[in-house]
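**Student:** Residue numbers (the working numbering), protein chains in the order written: chain A, 1 to 601; chain B, 1001 to 1601.
Glycine included, C-beta positions come from ideal geometry on N, C-alpha and C.
Computed from a prediction, not measured in an experiment: that's the story for all the values here.
2 protein chains.
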Amino acid sequence: MSSTEYQVDRRELQFVVNETLGAGKLCELPDFSEFDEEMFTMIINEASNFSEQVLAPLNENGDRQGCRIENDSVITPDGFANAWEQFGKGGWLSMNLPPEYGGQGLPEVITIIGKETQLAANQGFTIGASLTSGAANLIYTFGSEEQKNNFCEKMFSGTWSGSMCLTESHAGTAVGDTTTNATKQNTGHYLIKGTKQFITNGDHDMADNIIHLLLARTTDAPKGTKGISLFIVPKIRLDGTPNDVKILSIEHKMGINGSPTCLLSFGENNDCQGYLLKAENMGMSQMFQLMNEARLLVGLQGLAGAGAAVQNALAYAKERTQGPSAVHPGEKALIIEFPDVRRMLMQMKAVTEGLRALMYTTAWYTDMANHGPEESREKYQDLLDLHIPICKSFGTDQGSEVANLGIQVLGGVGFTKDFPLEQNVRDQKIGSIYEGTNGIQALDLVGRKFNTKNGQLLKVLLDELCWFDQHSPEGELKGWVAEWETYSILMQKCIASLKKTGEAEGKDGYVLYASNMLDLMGDVLCCFYLLKQAVSAQKKWNSMLIGTASQAELLEENEEAQFYWNKLRTTEFYVWSVLPRALSNAKTINNANLAPLRASL
Amino acid sequence: MSSTEYQVDRRELQFVVNETLGAGKLCELPDFSEFDEEMFTMIINEASNFSEQVLAPLNENGDRQGCRIENDSVITPDGFANAWEQFGKGGWLSMNLPPEYGGQGLPEVITIIGKETQLAANQGFTIGASLTSGAANLIYTFGSEEQKNNFCEKMFSGTWSGSMCLTESHAGTAVGDTTTNATKQNTGHYLIKGTKQFITNGDHDMADNIIHLLLARTTDAPKGTKGISLFIVPKIRLDGTPNDVKILSIEHKMGINGSPTCLLSFGENNDCQGYLLKAENMGMSQMFQLMNEARLLVGLQGLAGAGAAVQNALAYAKERTQGPSAVHPGEKALIIEFPDVRRMLMQMKAVTEGLRALMYTTAWYTDMANHGPEESREKYQDLLDLHIPICKSFGTDQGSEVANLGIQVLGGVGFTKDFPLEQNVRDQKIGSIYEGTNGIQALDLVGRKFNTKNGQLLKVLLDELCWFDQHSPEGELKGWVAEWETYSILMQKCIASLKKTGEAEGKDGYVLYASNMLDLMGDVLCCFYLLKQAVSAQKKWNSMLIGTASQAELLEENEEAQFYWNKLRTTEFYVWSVLPRALSNAKTINNANLAPLRASL
């Protein structure tokens, strides 16, 4: 492959999903009994083909051409409407949605393959497209039979698209300050009035209708988040007449330019009809139920961007020459021969594979929480709830860092628009902001999740982290696991230290270094899941080594052997060269310096 | 000030330059005897006014409009030509250049004020403009009397501009692979033939002529860097006829769009005249002499971007409300009330002030090395040589991180082009790449500088770091200095550990974690210079506290007191919440994992 195209690493996905997570075992569960591992392998291939062949070719133009408003409608970049149609018809929109309305009913751990490869191929297209799944799922989960019949099938197939209308100009993080109002009419529907900001795919030309899921406040609703209700607000009503929804403007952004970010006005002419989802004042709890999925998706944006960056940088480093080679005297050096370039590539690769291990495992927890044996569902839900803010925040921060390192590997050309990394970095930057800023994720982690059910979530996690007690590592893994365990213990000490700070300094002191706590956990968890993968890789590698003349010969000839060898190397690198970041976060948490609260800013 | 404008922090510059570095004392040196501290204060004001009033207003349009080629010439954004004229006439181009040809002859520690504020106001304009100083300085340093008379005055005043033509498509880092050739003619000049890439301000419409300083290889020159010569190649010859220089294209980049990055062809019609600078094969050593200045400038780009980001983010955090206030019940909260926002702002502020302390001290070392008492010049040159790669690499990496944090403080709007942070991040990204990538800086530090004169540079640094032995810290500074000293010792241990790795694993092992070593030193040095500043701040703060009812009252009323208080808080924060990053780098260096060299990438 070249340094300008995107090609899915099918081997890595196969390894993560089938060889280490053992997704095939999910097929023993009643909800997934119609699938088998072979089908999962087929889906890896099909998803990869779709992302490579349909979405990737539209990525660059999506950025350059961007979206525009013409005649009060948003026009998306050339080819997006056609890709949308294929996206819907191919079932990519409904991978994890219920078969009842035409969904594929696939496990999350398989659905995530579609999402990662689509995001890696085209962040602008996919971020918008994925919101339709979420909106449709909300209607499926909370809608009346009539609502489900009216909307689900059309949304599952992409005939209609969806949008999430939460933010207002004064109400972003503080969603309780929503002022858009909904007035009940005798006919049963509500009249919606208000303005919503930052609405991804709030208007476009790709589907026949747009179904907005909108947060609004009904008459005499309680203040704050308790008084928010969720409404279905179609752009075009079911009888075919236009609803009173108007596009005011689109944002000019750093990236994801293929995705229109809209300022929408509802009810300018007092004629915007909305249909209540289930009951009044349930909006927040309804949003919460879909939050895990949405936040994992944004985390995936970071992983996907990182994965694409690794490929582009690796390919460039293998084709670009510079100066004389020390390895092949007389020849020019490929820049991949230089230690500093190799260090950057390993950093990129190790962090990306760590994130993938983290997020695919989190997807697997989702499946076990929703479809697994009844007796273990709570445990997996606890793990899931604890992992989500880490996936979102650590995933997007690290994804950006990896892509920025990719530009560094390319050097001067990396800063130009001739290579996709430039766009990758700009597209990814939004990930740390939307769907709850990363600061909010850290608060969610230490403020909410640490304290849920008297700390039960943390206890479940610590049990999980004892996995190596039952699975003794062998050979070189012994030392790696032992080293990782020191960090795992450090993490526990920091959690205790944080609580102590909270007791001494109050809530502000407790949350001040929440982000450091989240990052520390991110590294400990990514490394843990990589080490589990390394156990599988080591077994395969050792078995291949039997009967081979030498390690060097095996590596020379055998791509499979190379894969397992490299998986061991990235794990090793994470333990000794990435994990040390946790020391920095730990020290900062323990120092608990209060200067930010005392400074006269 | 607002979150969209740039306003120089005059108070901080005054503190750094006059109150802590004591720039006034430089006026006791013969070369600066015509200046005094009052004049320096005046220059702080004038430089600030120029940057705020002339350059900052052109920044956004410079990015949006960018540069274009029309009729084989580059057209710069509206207003740039006019700003250029003022830049030259106002003496901003020649602040540190010799008075002999119309320069201002100012110390570097004052010149840097102009550069920082100009870069903060408009990176695209300033990066290009600053190259003229460098090119002019090369001619002044190595040119014949005739060359100096022909070029210096016109370049010092900006009537003519300069460019540096080093890179070729296959010769970036490996400048020794230059193939552009120069053939000596009987008339004394050379005929130049070749193509140069990534030439900042290689063509434009701002000055009457462009004087290219170009690296080329003369006939039968030795291979590699030893056979490179430096030529003056004017766009228009001294007799007014056009030289054979052609603009082929300009790059489409992530940022600094106000600055044209050109692909230039020299001698397509075998008629490109170049004039040798001093002697053949001196090109590399000539470039080296100007390298410190150029690399400090790029480091400054990071500092300047960071400084602008701090301002924008602080201003936004003080005007943006979100949710209910915990501090003022019943009112909306300003987001600056939230601990996580305060943590981010402190991180931005502490790192920025640390970088400023580092770079202004480095500028002061430059003055002492070039103009100080003869007996101490070598010492300051050693310190300078050791500091430069750190200023360049740590400055640009940290500058990018600070600006990215700024976007995070703004949240959703930070990702839009409505606020200058979006452009700031894109503009800065180039800093880690050009003028020697940051990886090259790290190699320069550990490969070259550590070993120069048998490790003399490090010895001089360690002497310097003993400053607190002679200046015992008082009060709260005692604990901070003691803590910092543990990191200073850690740094020394890591240098030893790195050497040991080199002995055991060879050169590749030695340089593998050079970047971590550089980052570690960056944190230790920034914190050291901040602590020295804190000594001054503490004295002022304590003297203001005398006779005041309470600390709170003093802070409430007195902006000066606030300034000194905050300087102490940012220093404190650096010690306890930023410096811990050094632990991560130290551990990675000590672990010395070789997976990057062993992986089958």
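Can you pull the chain B neighbours of residue 9 of chain A, defined as C-beta to C-beta under 8 Å?
**Tutor:** Here residue 9 of chain A refers to the residue found at position 9 of the first sequence. Those within 8 Å of residue 9 of chain A in chain B number zero; the least Cβ separation is about 14 Å.
**Student:** Within the stretch 1508-1573 of chain B, note down every full beta strand (DSSP E) run reaching 3 residues or more, in order along the chain.
**Tutor:** The stretch 1508-1573 of chain B contains no whole beta strand (DSSP E) run of 3 or more residues.
**Student:** Let's test the definition: count the other Cβ atoms within 10 Å of the Cβ of residue 1228 of chain B and tell me whether it reaches 16, buried, or not, exposed.
**Tutor:** Taking the second sequence and counting its residues from 1, the one referred to as residue 1228 of chain B is at position 228. Label assigned to residue 1228 of chain B: buried.
**Student:** Is any beta-carbon of chain B found at less than 9 Å from that of residue 591 of chain A?
**Tutor:** Translated into the one-based positions of the first sequence, residue 591 of chain A becomes position 591. Interface residue, yes.
**Student:** For a cutoff of 9 Å on Cβ pairs, would you count residue 196 of chain A as touching chain B?
**Tutor:** To locate residue 196 of chain A, count along the first sequence from 1; it is residue 196. It does not: the Cβ of residue 196 of chain A has no partner Cβ on chain B nearer than 9 Å.
**Student:** Span of the alpha helix (DSSP H) holding residue 1381 of chain B?
**Tutor:** The residue you call residue 1381 of chain B lines up with position 381 of the second sequence. Residue 1381 of chain B -> alpha helix (DSSP H) spans 1377-1410.
**Student:** Does DSSP put residue 141 of chain A in a helix, a strand or coil?
**Tutor:** On the first sequence, residue 141 of chain A is found 141 positions in, with the first residue counted as 1. The answer is helix: DSSP assigns residue 141 of chain A an H, G or I state.
**Student:** Which same chain residues, not among the five before or five after residue 275 of chain A, have their C-beta less than 7 Å away from its C-beta?
**Tutor:** On the first sequence, position 275 is the one that residue 275 of chain A refers to. Only 147, 189, 231, 232 meet the Cβ criterion.
**Student:** Restricting to runs no shorter than 4 residues, where is the alpha helix (DSSP H) found entirely within the stretch 239-322 of chain A?
**Tutor:** For the stretch 239-322 of chain A, whole alpha helix (DSSP H) runs of length 4 or above, ordered along the chain, are 283-319.
**Student:** Let's see if you can read the secondary structure: which residues bound the beta strand (DSSP E) around residue 348 of chain A?
**Tutor:** In the first sequence, residue 348 of chain A corresponds to position 348, counting from 1. Segment 339-371 is the alpha helix (DSSP H) holding residue 348 of chain A; no beta strand (DSSP E) there.
**Student:** Would residue 1492 of chain B and residue 1462 of chain B qualify as a contact pair, given that the criterion is a beta-carbon distance under 9 Å?
**Tutor:** The sequence position of residue 1492 of chain B within the second sequence is 492, counting from 1. The sequence position of residue 1462 of chain B within the second sequence is 462, counting from 1. Yes.
**Student:** So, for residue 1197 of chain B: in the same chain, excluding its five sequence neighbours on each side, which residues have a beta-carbon less than 7 Å away from its beta-carbon?
**Tutor:** As a working mapping, residue 1197 of chain B is identified with position 197 in the second sequence. Within the same chain, residue 1197 of chain B has close Cβ partners 1167, 1168, 1169, 1263.
**Student:** Just reading off the alpha helix (DSSP H) that residue 425 of chain A is part of, what are its end residues?
**Tutor:** Locating residue 425 of chain A in the first sequence gives position 425, counting from the first residue. Where residue 425 of chain A is concerned, the enclosing alpha helix (DSSP H) stretches over 421-428.
**Student:** Interface residues of chain B around residue 251 of chain A at Cβ under 7 Å?
**Tutor:** The residue you call residue 251 of chain A lines up with position 251 of the first sequence. By Cβ distance, chain B contributes 1416.
**Student:** Rounded to the nearest angstrom, what separates residue 1357 of chain B and residue 1458 of chain B at their Cα positions?
**Tutor:** As a position in the second sequence, residue 1357 of chain B is number 357, starting the count at 1. As a position in the second sequence, residue 1458 of chain B is number 458, starting the count at 1. Rounded to whole angstroms, residue 1357 of chain B to residue 1458 of chain B spans 20 Å at the Cα level.
**Student:** Since residue 448 of chain A is in the alpha helix (DSSP H), which residue starts that stretch and which ends it?
**Tutor:** If you number the first sequence from 1, residue 448 of chain A lands on position 448. Taken as a continuous stretch (DSSP letters only), residue 448 of chain A belongs to no alpha helix (DSSP H), as it is neither H nor E.
**Student:** Can you tell me which of the three DSSP states residue 1132 of chain B falls into?
**Tutor:** On the second sequence, position 132 is the one that residue 1132 of chain B refers to. Looking at residue 1132 of chain B - three-state DSSP - the assignment turns out to be helix.
**Student:** Where does residue 30 of chain A land, buried or exposed, given buried means 16+ other C-beta within 10 angstroms?
**Tutor:** Numbered from its first residue, the first sequence carries residue 30 of chain A at position 30. Exposed: under 16 other Cβ atoms inside 10 Å.
**Student:** Please decide whether residue 309 of chain A counts as near chain B, where near means a Cβ-Cβ distance under 9 Å.
**Tutor:** Counting from one through the first sequence, the residue named residue 309 of chain A turns up at place 309. No, its Cβ sits nowhere closer than 9 Å to a Cβ of chain B.
**Student:** When you compare the CB positions of residue 154 of chain A and residue 208 of chain A, do they come within less than 9 Å of one another, or not?
**Tutor:** Walking along the first sequence from the start, residue 154 of chain A turns up at place 154. Walking along the first sequence from the start, residue 208 of chain A turns up at place 208. Cβ atoms of residue 154 of chain A and residue 208 of chain A: closer than 9 Å.
**Student:** So what does DSSP say about residue 1596 of chain B, is it helix, strand or coil?
**Tutor:** Taking the second sequence and counting its residues from 1, the one referred to as residue 1596 of chain B is at position 596. Of the three classes helix, strand and coil, the one that applies to residue 1596 of chain B here is helix, per DSSP.
**Student:** Measuring only between beta-carbons, confirm whether residue 177 of chain A sits less than 9 Å from chain B.
**Tutor:** Translated into positions along the first sequence, residue 177 of chain A becomes position 177. It does: the Cβ of residue 177 of chain A has a partner Cβ on chain B nearer than 9 Å.
**Student:** For the beta strand (DSSP E) holding residue 1070 of chain B, just list the boundary residues, first then last.
**Tutor:** Numbered from its first residue, the second sequence carries residue 1070 of chain B at position 70. It spans 1068-1070 - the beta strand (DSSP E) in which residue 1070 of chain B sits, taken as one unbroken run.
**Student:** Could you tell me whether the Cβ of residue 316 of chain A comes closer than 9 Å to any Cβ of chain B?
**Tutor:** As a first step, residue 316 of chain A is located in the first sequence; it is residue number 316 there, counting from the start. Chain B, which has no Cβ nearer than 9 Å to the Cβ of residue 316 of chain A, makes this no.
**Student:** Buried or exposed: residue 327 of chain A, going by 16 or more other Cβ atoms within 10 Å of its Cβ?
**Tutor:** Numbered from 1 along the first sequence, position 327 holds the residue referred to as residue 327 of chain A. Answer is exposed; the Cβ neighbour count stays below 16.
**Student:** With 9 Å set as the bound, which would you pick, yes or no: does the beta-carbon of residue 1328 of chain B sit closer than that to a beta-carbon of chain A?
**Tutor:** Counting from one through the second sequence, the residue named residue 1328 of chain B turns up at place 328. No - not a single Cβ of chain A is within 9 Å of the one on residue 1328 of chain B.
**Student:** Enumerate in chain order the residues of its own chain whose CB-to-CB distance from residue 280 of chain A is below 6 Å, with the five nearest sequence positions on each side excluded.
**Tutor:** Walking along the first sequence from the start, residue 280 of chain A turns up at place 280. Excluding positions up to five away in sequence, the list reads 218, 229.
**Student:** With distances taken from CA atoms, which of B:1349, B:1050, B:1545, B:1549 is nearest residue 1560 of chain B?
**Tutor:** Walking along the second sequence from the start, residue 1560 of chain B turns up at place 560. It is B:1545.
**Student:** What first and last residue would you give for the alpha helix (DSSP H) that runs through residue 39 of chain A?
**Tutor:** Working through the first sequence from its first residue, we reach residue 39 of chain A at position 39. Counting along the chain, the alpha helix (DSSP H) containing residue 39 of chain A begins and ends at 37-50.
**Student:** Could you check which residue in A:538, A:409, A:62, A:64 has the C-alpha nearest to that of residue 321 of chain A?
**Tutor:** Taking the first sequence and counting its residues from 1, one reaches residue 321 of chain A at position 321. Cα-wise, what sits closest to residue 321 of chain A is A:409.
**Student:** Pick helix, strand or coil for residue 1095 of chain B, following the three-state DSSP scheme.
**Tutor:** On the second sequence, residue 1095 of chain B is found 95 positions in, with the first residue counted as 1. Reduced to three states, the DSSP call for residue 1095 of chain B is coil.
**Student:** Taking only three categories from DSSP, how would you classify residue 209 of chain A?
**Tutor:** If you number the first sequence from 1, residue 209 of chain A lands on position 209. The answer is strand: DSSP assigns residue 209 of chain A an E or B state.
**Student:** Identify the continuous beta strand (DSSP E) that holds residue 1062 of chain B and give its terminal residues.
**Tutor:** Indexing the second sequence from 1 puts residue 1062 of chain B at position 62. Not the beta strand (DSSP E): residue 1062 of chain B falls in the alpha helix (DSSP H), residues 1059-1065.
**Student:** Decide if residue 466 of chain A is buried, meaning its Cβ has at least 16 other Cβ atoms within 10 Å, or exposed.
**Tutor:** For the purposes of this step, residue 466 of chain A is taken as the residue at position 466 of the first sequence. Exposed is the call here.
**Student:** Along the chain, where does the alpha helix (DSSP H) containing residue 584 of chain A start, and where does it finish?
**Tutor:** By one-based count along the first sequence, residue 584 of chain A stands at place 584. That run of the alpha helix (DSSP H) goes 581-591.
**Student:** Which residues in chain B have a C-beta closer than 7 Å to the C-beta of residue 511 of chain A? List them in chain order.
**Tutor:** Start at 1 with the first residue of the first sequence, and residue 511 of chain A comes out as number 511. Here the neighbours are 1339, 1340.
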